[in-house]
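Just below is one structure, and these are the notes that go with it.
Protein chains in written order, with the numbering used here: chain H, 310 to 697; chain V, 310 to 697.
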């Protein structure tokens with residue numbers, strides 16, 4: 310397999326974006342990613358757009374994004390793996406370069422979700438599973454699915470509501486330092502704990518918001534990377550897996566099998582272990598999801614996720630800083646953009662370019678991106694490194 | 310780039326399928342493709358599902374298809390490039406094997422469209438373009454887009470309504486020999502010509518139907534292919550391109566630039582020319598589209614497509630037989646399945662396994678798949694060959 314590097318990164322402001330259409334929103338990141346490495350439009354050999362769709366009007370966003378960006382004769386497609394659509398786009402662009410199809414490929418992630426009212430959003434999110442069987446029959450919504458996991462984790466490992474709220478406080482702490490984040494305001498543990506219950510034990514501050522936003526990366530072969538940048542960030546391995554569509558068919562509710570499996574594959578491909586990781590982004594659609602991710606990714610033993618956050622080990626200066634961009638929780642979660650945004654963030658961290666106060670200490674030069682679709686229906690884990 | 314072969318092919322009956330859900334429908338092809346080469350479930354390293362979605366309830370079909378097929382721990386995603394979604398899935402599986410990510414990968418295409426009433430279908434198809442600008446502002450439907458091309462082609466090259474109807478008669482002729490086709494009934498030139506006008510000059514028999522159906526292929530590396538089959542069909546090259554989302558920004562209306570560009574790339578990758586092709590499937594969503602494809606793919610000079618069909622050169626025994634499975638017109642067009650179905654058909658032809666009366670004469674052992682998304686918004690051309 311050929312070497313593939315992230316050579317250009319771009320990221321829009323996340324939040325409520327009524328000022329732009331979907332193609333304009335995508336272009337904000339496309340332009341920044343291209344400017345970041347000075348790549349010429351004509352060098353782009355393939356484009357992949359990550360977008361779940363359904364929240365905005367355009368059903369063929371890929372060709373619209375291409376047209377607006379001036380890529381009218383570049384082949385493209387849209388990929389969807391629920392909330393992991395962005396990582397699926399990164400994988401597609403990666404395979405395009407790794408296989409030799411293209412020397413330079415672009416992955417773009419975009420979603421425009423805030424035009425839809427909250428009730429419709431809850432309906433659309435709830436469909437992310439086995440729609441006909443579990444959503445229609447039992448009326449389970451997305452927070453309820455993750456609440457099942459939270460309750461099981463509390464029951465088996467003594468995890469508390471405070472532990473979950475600590476994840477939210479950390480997210481807002483770093484979101485406040487990230488000018489591209491949707492929420493840039495610190496919160497207290499008390500505020501998180503006393504927020505409105507959505508689906509017990511999950512409260513308002515345990516949940517990520519509905520967001521608009523985009524992110525883009527330019528990926529390049531070794532030859533092209535050498536020409537385009539002095540700070541390549543290499544994709545050392547991508548692991549991906551899936552799990553049952555029906556929640557009722559899961560073997561347990563204290564972790565995501567897809568995460569454990571995808572990370573095992575990614576570590577093997579990258580020839581590293583979890584202890585080598587300097588900095589990570591984890592899929593914290595709900596706070597319980599971040600705690601489970603620590604465990605499923607091997608950052609700690611099963612059941613010890615809460616201890617990691619209690620001890621401050623996932624903050625700057627800790628053993629394994631996680632979501633220093635604010636995470637889905639504070640940065641926002643425009644579905645198709647999220648996975649690409651994570652690669653942008655970890656690349657920034659490995660390049661030492663994160664905003665003041667939220668830059669991790671880089672020792673091994675290794676970062677990890679963890680992106681989940683649905684309730685563990687899909688999982689993509691990407692290992693990035695400063696060295697090839 | 311590593312060699313990649315089609316080693317297993319599967320295809321469901323196309324038509325109105327009220328007897329199965331989307332996962333069951335996909336499985337009909339998945340099982341046949343796996344049985345075709347005897348591959349074990351555990352050997353499948355990645356799955357890609359081609360499905361445009363929107364016509365059926367499940368928004369996350371990829372994980373459902375995986376669950377039903379027993380691929381619960383295999384990574385998957387859905388890809389969409391409008392009516393070229395199936396080819397986008399084939400390309401993704403191809404890149405997975407070509408890059409070395411997987412030894413064996415599966416591409417599955419599925420769509421369930423007939424549950425939706427005709428008016429909603431017309432609305433959904435019409436959105437395949439620049440929705441907010443052209444569909445909302447001008448109310449252009451899909452037949453109207455292709456009628457623009459038909460009128461331009463008639464004006465510039467003297468193409469007639471009879472020429473287009475001849476394509477339909479040919480499609481029904483071969484569809485009648487294909488037990489998996491939606492329409493298995495011959496029609497006369499007179500019947501086609503006198504059918505109801507949909508958008509002049511296009512009539513009912515110039516248009517492909519709304520369909521349910523699925524198709525699947527198992528792709529393998531050289532080592533795996535040698536082990537799994539005695540009749541590998543090699544993917545010699547895939548070219549893909551796109552064009553403006555807005556029809557008003559096209560340079561002319563007598564051909565699809567995306568087809569010309571994608572085929573140029575595919576021929577270059579495969580190191581062949583159009584004259585080497587023994588048999589092809591062309592994207593005949595409307596009869597005019599097949600005539601333009603002959604020209605854009607280089608099977609004849611620009612403007613001479615009608616002559617090819619008039620002279621019977623695209624029938625069995627002709628210079629370049631096209632759509633011997635009935636094409637989209639008679640076989641049916643379940644959007645996400647179509648591109649995969651085309652690879653199944655051309656593989657069958659190259660293996661000499663097509664049904665009686667519709668087997669092309671194979672000289673060079675080379676076949677071509679042409680799959681268009683939208684009105685030339687996307688185009689994928691895949692060159693297949695009996696030799697590596």
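Every residue, glycine too, gets a C-beta built ideally from N, C-alpha and C.
What you are looking at is a predicted structure, and each value in this text was computed from that prediction instead of being measured.
Locate the beta strand (DSSP E) running through residue i, then write down its first and last residues.
i	result
residue 687 of chain H	687-694
residue 548 of chain H	542-551
residue 588 of chain H	588-590
residue 317 of chain V	313-320
Kindly indicate which three-state DSSP category residue i falls into: helix, strand or coil?
i	result
residue 380 of chain H	coil
residue 446 of chain H	helix
residue 677 of chain H	strand
residue 595 of chain H	strand
residue 392 of chain H	strand
residue 385 of chain H	strand
residue 636 of chain V	helix
residue 606 of chain V	coil
residue 559 of chain V	coil
residue 488 of chain V	coil
residue 399 of chain V	helix
residue 616 of chain V	helix
Provide the residue span of the alpha helix (DSSP H) that contains residue i, from first to last.
i	result
residue 427 of chain H	427-435
residue 353 of chain V	Note, residue 353 of chain V: premise wrong, no alpha helix (DSSP H); not H, not E.
residue 644 of chain V	644-659
residue 346 of chain H	331-346
residue 452 of chain V	451-466
residue 610 of chain V	Neither: residue 610 of chain V is in no alpha helix (DSSP H) and is coded neither H nor E.
residue 483 of chain V	470-484
residue 568 of chain V	566-579
residue 534 of chain V	531-537
Excluding the five sequence neighbours on either side, which residues of its own chain have a C-beta within less than 6 Å of the C-beta of residue i, listed in chain order?
i	result
residue 694 of chain H	543, 545, 674 and 675
residue 585 of chain V	673 and 675
residue 461 of chain H	562 and 563
residue 588 of chain V	630, 658, 669 and 676
residue 524 of chain V	320, 338, 418, 646, 649, 650 and 653
residue 257 of chain H	Nothing about residue 257 of chain H can be read from this structure; chain H reaches only from 310 to 697.
Which whole-angstrom value describes the C-beta separation of residue i and residue j, a residue pair presumed to lie in contact below a C-beta threshold of 8 Å?
i	j	result
residue 398 of chain V	residue 529 of chain V	That belief does not hold up - the Cβ atoms of residue 398 of chain V and residue 529 of chain V are roughly 16 Å apart, past 8 Å.
residue 454 of chain H	residue 684 of chain H	4 Å
residue 633 of chain H	residue 625 of chain H	6 Å
residue 412 of chain V	residue 354 of chain V	6 Å
residue 389 of chain H	residue 387 of chain V	5 Å
residue 377 of chain H	residue 323 of chain H	The Cβ separation is near 20 Å, so there is no contact.
residue 405 of chain V	residue 414 of chain V	4 Å
residue 603 of chain H	residue 594 of chain H	That pair is no contact at about 15 Å.
residue 600 of chain V	residue 449 of chain V	About 21 Å separates the two Cβ atoms, so there is no contact after all.
residue 521 of chain V	residue 423 of chain V	5 Å
residue 383 of chain V	residue 537 of chain V	At roughly 17 Å, the Cβ-Cβ gap does not stay under 8 Å, so residue 383 of chain V and residue 537 of chain V are not in contact.
residue 409 of chain H	residue 434 of chain V	Not confirmed; about 36 Å, so no contact.
residue 596 of chain V	residue 477 of chain V	5 Å
With DSSP as the reference, identify every bridge partner of residue i, one or two as the case may be.
i	result
residue 667 of chain H	The partner list for residue 667 of chain H (beta bridge, DSSP) is empty, contrary to what the question assumes.
residue 417 of chain V	V:358 and V:525
residue 512 of chain H	H:506
residue 324 of chain V	V:521
residue 631 of chain H	H:589
residue 682 of chain V	V:687
Using a Cβ-Cβ cut-off of 7 Å (strictly less than) and excluding sequence neighbours within five positions of residue i, which residues of its own chain qualify?
i	result
residue 393 of chain H	648, 680, 681, 682, 687, 688 and 689
residue 700 of chain H	Residue 700 of chain H is absent from the model: chain H starts at 310 and stops at 697.
residue 485 of chain V	493, 494 and 495
residue 570 of chain V	550
residue 343 of chain H	317 and 527
Which residues in the same chain as residue i place their Cβ atom closer than 8 Å to its Cβ, once the five residues preceding and following it in sequence are excluded?
i	result
residue 667 of chain V	483, 486, 487, 625, 633 and 634
residue 671 of chain H	587, 588, 658, 659, 661 and 695
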